[in-house]
Amino acid sequence: MRTKISLQTVRGEFVSRIETISGQSLLACNQCGKCSAGCPVAFSMDVLPNQVIRMAQLGMEDVLQAQTIWTCAACLTCVSRCPKGIDLPRVMEALRQLYMEKYGNVLNPDQIAPEQAAEMPQLAIIGGFRKYSV
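Here is the structure:
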């Protein structure tokens, strides 16, 4: 797959929105891979954390389709390993927000069966709504 790179995509609206929401400079990442090497849930990700950053750097909106943005545990291991100090969980959160702006909420309370809701811990319900809805 070939990706066309232009100044309009690299410094375009998509990249600017990610940087504004997350407060992180995507171009600071030099792709060392330490975030991916230390990530405790990388084994279950379809796109590794450093690849998510690379796709975002290139303005590839396909990154919004990656399950990785939902898999990230926000444990901050990547932040502690990053030589550039990039807060990757903030970038993942920004990508989740952009996904929900574009496609809508992932979690709809009307889709939870009453018997399931009765057995779910309240913390799980609130955490799910905070992560998967606007």
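In terms of our numbering, the sequence shown opens at residue 1 and continues consecutively.
The beta-carbon is built from N, C-alpha and C at its ideal position, and this holds for glycine as well.
query: C-beta atoms of Leu64 and Cys78 nearer than 8 angstroms; result: no
query: Burial state of Arg96 (16 or more Cβ within 10 Å); result: buried
query: Test item: CB-CB of Cys75 and Pro114 under 8 angstroms; result: no
query: Test item: CB-CB of Met92 and Ile69 under 8 angstroms; result: yes
query: Where Pro189 falls, given that 16 or more other Cβ within 10 Å makes a residue buried; result: Past the boundaries of the shown model lies residue 189; the chain is included only from 1 to 134, so the question cannot be answered.
query: Three-state secondary structure assigned by DSSP to Ala75; result: It should be pointed out that residue 75 corresponds to Cys in this sequence rather than to Ala. Reduced to three states, the DSSP call for Cys75 is coil.
query: As assigned by DSSP and simplified to three states, the class of Met92; result: helix
query: Supposed contact pair Ala28 and Ile86 - C-beta distance, whole angstroms, cut 8 angstroms; result: 6 angstroms
query: Within 8 angstroms, strictly: CB atoms of Leu98 and Gln57; result: no
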